[in-house]
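Remarks on the structure that follows.
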Amino acid sequence: MRRLLPLIGTPGSHPGGRSALTCRFRCGDACFHEVPNTSDNAYVGDVVAGAIGRRSMMRAAAVVTVATATGAAVVGTGAQDAQAAQAVDGGAAARTGHPVDKAARGLRFSPVAPNTADAVTVPGGYGQNVVIRWGEPILRGAPAFDPEHQTAKAQAGQFGYNNDFLALLPLPGERGRQLLVANHEYTDEVLMFRGYDPANPTREQVEVAWAAHGLSAVVVEEDRRTGRLTAVTRHALNRRVTATTEFRLTGPAAGSDLLKTSADPTGRKVLGTLNNCSGGTTPWGTTLHGEENFNQYFANASRDTDKRYGLGKGATERKWERFDKRFDVVQEPNESHRFGYVVEFDPYDPSSTPRKHTALGRFKHEAASVRLTDDGRPVVYTGDDERFDYFYKFVGSKRMRHGSSRSVREHNLSLLDEGTLYVARLTGDSPAAEIDGSGKLPADGEFDGSGEWIPLATATAHGAVSHVDGMTAEEVLVFTRLAGDKVGATKMDRPEDIQPSPHTGKVYVVLTNNTNRGKAGSAGADEANPRNANKHGHILELTERRGRAEATTFGWSLFLVAGDPADPATYFAGFPKDRVSPISCPDNVAFDPHGNLWISTDGNQLGSHDGLLDVATKGERRGELKQFLTVPTGAETCGPIIQDRRVLVAVQHPGEIDGASVEKPASNWPDGPGEIVRPAVVSVWRTDGCDIGV
Numbered sequence: 077m078r079r080l081l082p083l084i085g086t087p088g089s090h091p092g093g094r095s096a097l098t099c100r101f102r103c104g105d106a107c108f109h110e111v112p113n114t115s116d117n118a119y120v121g122d123v124v125a126g127a128i129g130r131r132s133m134m135r136a137a138a139v140v141t142v143a144t145a146t147g148a149a150v151v152g153t154g155a156q157d158a159q160a161a162q163a164v165d166g167g168a169a170a171r172t173g174h175p176v177d178k179a180a181r182g183l184r185f186s187p188v189a190p191n192t193a194d195a196v197t198v199p200g201g202y203g204q205n206v207v208i209r210w211g212e213p214i215l216r217g218a219p220a221f222d223p224e225h226q227t228a229k230a231q232a233g234q235f236g237y238n239n240d241f242l243a244l245l246p247l248p249g250e251r252g253r254q255l256l257v258a259n260h261e262y263t264d265e266v267l268m269f270r271g272y273d274p275a276n277p278t279r280e281q282v283e284v285a286w287a288a289h290g291l292s293a294v295v296v297e298e299d300r301r302t303g304r305l306t307a308v309t310r311h312a313l314n315r316r317v318t319a320t321t322e323f324r325l326t327g328p329a330a331g332s333d334l335l336k337t338s339a340d341p342t343g344r345k346v347l348g349t350l351n352n353c354s355g356g357t358t359p360w361g362t363t364l365h366g367e368e369n370f371n372q373y374f375a376n377a378s379r380d381t382d383k384r385y386g387l388g389k390g391a392t393e394r395k396w397e398r399f400d401k402r403f404d405v406v407q408e409p410n411e412s413h414r415f416g417y418v419v420e421f422d423p424y425d426p427s428s429t430p431r432k433h434t435a436l437g438r439f440k441h442e443a444a445s446v447r448l449t450d451d452g453r454p455v456v457y458t459g460d461d462e463r464f465d466y467f468y469k470f471v472g473s474k475r476m477r478h479g480s481s482r483s484v485r486e487h488n489l490s491l492l493d494e495g496t497l498y499v500a501r502l503t504g505d506s507p508a509a510e511i512d513g514s515g516k517l518p519a520d521g522e523f524d525g526s527g528e529w530i531p532l533a534t535a536t537a538h539g540a541v542s543h544v545d546g547m548t549a550e551e552v553l554v555f556t557r558l559a560g561d562k563v564g565a566t567k568m569d570r571p572e573d574i575q576p577s578p579h580t581g582k583v584y585v586v587l588t589n590n591t592n593r594g595k596a597g598s599a600g601a602d603e604a605n606p607r608n609a610n611k612h613g614h615i616l617e618l619t620e621r622r623g624r625a626e627a628t629t630f631g632w633s634l635f636l637v638a639g640d641p642a643d644p645a646t647y648f649a650g651f652p653k654d655r656v657s658p659i660s661c662p663d664n665v666a667f668d669p670h671g672n673l674w675i676s677t678d679g680n681q682l683g684s685h686d687g688l689l690d691v692a693t694k695g696e697r698r699g700e701l702k703q704f705l706t707v708p709t710g711a712e713t714c715g716p717i718i719q720d721r722r723v724l725v726a727v728q729h730p731g732e733i734d735g736a737s738v739e740k741p742a743s744n745w746p747d748g749p750g751e752i753v754r755p756a757v758v759s760v761w762r763t764d765g766c767d768i769g770v
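So for the sequence shown, this note's numbering puts the first residue at 77; every next one is plus one.
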């Protein structure tokens, strides 16, 4: 395969365990570029290092036995609805001393063993099927997928590529049906097109890629006899949003000179959405989608503000700038300012125009999770997925209205345009001198901390006010990273998904990894700690003051420190480490009906494929962690949805291994040898028809 960029090392040698191919196409080799954040703000790794060591010492676990079980796998055989046939492995309980029926409610399944099978592997007693694949037609008139003759017109009516965030919404009046919404984060042209030349992509290939980005809405239907979930093609609510769909810019920065281009002198209309990663659903029936690594699509950048956002100086990997000048910063200096927002999509109205909410700031949004204050105002948590960057909260000033009329829906669609945007600053409770990186117990015998939400800008119906010296409100919302630098926000290890628990109100902040931690020239290098070069990640648990979502202060503590349970630096909320599954690089999360946190992983550094794990967050079994499934070779686990009787995951970039191509596939999933590898959505259910994990 011809490559513009050299592929370095072997799978797992890249930061976070990703292949070089993944690094190229998903984030533009971000981990091999200079860290954009060069401020001297505090680094949270230094703050929590003592906690890791102290709590590890308190766990008297010398030898760890990883929980294992015989799982049931569907390999790439072409059987779309092949079901698991193996029984639950009764030997698992004997090996781990952890009987399935004694586990926390929702975790009563035999954990899947870490593995490298080219399959979705699930526990015994569970079935699965592929709900929908890349390229399957969902709009009227769209043709069947033909990998050898792809066109942009066809792809615009077909399910997009690299599904990430998933949402399942109710469909009143249509029994057994729900509305599935999926992000399509990025395209991997090497795995999409036979004979792809990265130095010379064709216009048709580029336009197919534009059409494969964005969002899909597709109605799905349950077979109540088997549990299978399948797509309903050509339903009236099915919809595609692509890189050329019209969007509205809303909020206080809309119309700013910073957002005007030659194609849009109003600064209020932009074509497309790019690199949508995780997202969220709103209480008013819409979905939110975070534009993440948008920087990689823009060429020839040179400004300091561009550097802070990771835009490159030369040509891009995909060469889109050859076919549309808006991707060339020299020709259109403001186009990149129109990406990096939270997108709101109304899946119940196929004629609606999606929105980009400038009031939530511009950065590499990983997610957007919504809760309501006691008086009905929206609060949105979102992370900036970059090494040493920050996480944020938006508190709206308008109350949600109930009902389904057009006026109510229009009101609710404006809720994220007025309110205050905050960034987090964390402080440890122990004196800095006591946190020497050795894990020595601080004098107070405890390690947790406090934090504050620092206001950046407040938007009203009459304008916006900046709370950052030297920056206007428009500048704060377009260059939000710089605003966070100025107010001294706490540097984090790649903030990913942030989810408030619907059961306890506690907020879980997922930090995937940061292999630069402690390196020369990087924050944290001056403090030795057991998590130096953090390659496994961790999860923080935040408690807003008095449990109020709009609070401006919070407490925080370590909930989970990922890695091999045999590593003394790992921590599982105090649960015995010989009774947990290993976990590495937590990413997207979701809650189940019992209050357990389900964690998908991205870039496992423990030698196994990525997967989905379930951990109890409360009760006497708090910290109990079990692996529920693993995904195929080269794939990432995304978009978990946990219902009473069903789990959905988005299997993203299967086969994305160094050296792979259409001609030399690294995976046969999901359709078997001789078929092109295709990202897809998978549904998992219990074959006895009972609830998941009970």
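Backbone N, C-alpha and C define an ideal beta-carbon position, used for all residues, glycine too.
All values reported here derive from a predicted model rather than from experimental measurement.
Spatial distance of residue i from residue j (CA atoms)
i	j	result
R181	P658	20 Å
G203	R698	28 Å
D610	R463	The residue you asked about is not Asp; residue 610 is Asn in the sequence shown. Roughly 11 Å separates the two Cα atoms.
N664	F241	8 Å
E550	A540	8 Å
T588	R624	27 Å
G152	F403	The pLDDT assigned to G152 is 45, lower than 50, so where the model puts this residue is not dependable; a value taken from the coordinates is nonetheless given after this. Rounded to whole angstroms, G152 to F403 spans 38 Å at the Cα level.
R67	L245	Outside the displayed range of the chain (77 to 770) lies residue 67, so it cannot be described from this structure.
E751	K740	11 Å
G546	T534	15 Å
L489	A508	45 Å
Q372	E322	21 Å
L334	G327	14 Å
T709	V196	9 Å
H344	L553	It is worth fixing the name first, because residue 344 is Arg in this sequence and not His. Cα-Cα distance, rounded: 15 Å.
G459	G472	17 Å
I214	Q234	5 Å
G331	K178	58 Å
A220	P755	16 Å
In DSSP terms, what residue i is bridged to
i	result
C714	A726
N352	E367
P112	Looking at the DSSP assignment, P112 forms no beta bridge with any residue, so it has no partner.
I530	V499
Burial state of residue i (16 or more Cβ within 10 Å)
i	result
R300	exposed
R384	buried
N672	buried
K389	exposed
N369	buried
P576	buried
A138	Residue placement at A138 cannot be trusted, given a pLDDT of 29 that sits under 50; what the coordinates show is reported in the next sentence. So A138 counts as exposed.
P662	buried
D400	buried
T192	exposed
G249	exposed
K702	buried
Residue from the options with nearest C-alpha to residue i
i	options	result
K653	A638, C661, V665	A638
S428	V419, E712, L436, A435	V419
W396	P359, L255, L350	L350
S59	G200, H614, G623	Nothing about residue 59 can be read from this structure; the chain reaches only from 77 to 770.
P190	F704, D690, I733	F704
P645	H612, L364, V758	The question names Pro, but residue 645 is Ala in the sequence shown. It is H612 whose Cα lies nearest to the Cα of A645.
G495	D422, R475, S483, S481	R475
Sequence-distant residues of its chain with Cβ nearer than 6 Å to residue i (five each side left out)
i	result
R310	R216
Y272	E265, V266
T628	W529
T503	G525, S526
R209	R754, A756
8 Å CB neighbourhood of residue i in its chain, flanking five on each side removed
i	result
K694	H579, T580, G671
R721	G303, W761, R762, G765, C766, D767, I768
V140	In this prediction, V140 scores a pLDDT of 29, lower than 50, which makes its location untrustworthy; the coordinate-derived value is nonetheless stated afterwards. Closer than 8 Å at the Cβ level, and outside the excluded window around V140, lie D640, P641, A642, K653, D654.
Cutoff 7 Å; reference residue i; Cβ partners in own chain excluding five residues on either side
i	result
A285	T263, E265, R394
E367	T349, L350, N351, N352, F415, G416, Y417, V419, H441
A726	N239, D240, L242, A258, C714, G715, V757
Proximity test, residue i beta-carbon vs the ligand ZN heavy atom, cut-off 7 Å
i	result
P219	Absent from the structure shown: the ligand ZN. Ligands present: none.
Cβ of residue i within 8 Å of any chain D Cβ
i	result
A642	Included in the structure is just one protein chain, with no chain D present.
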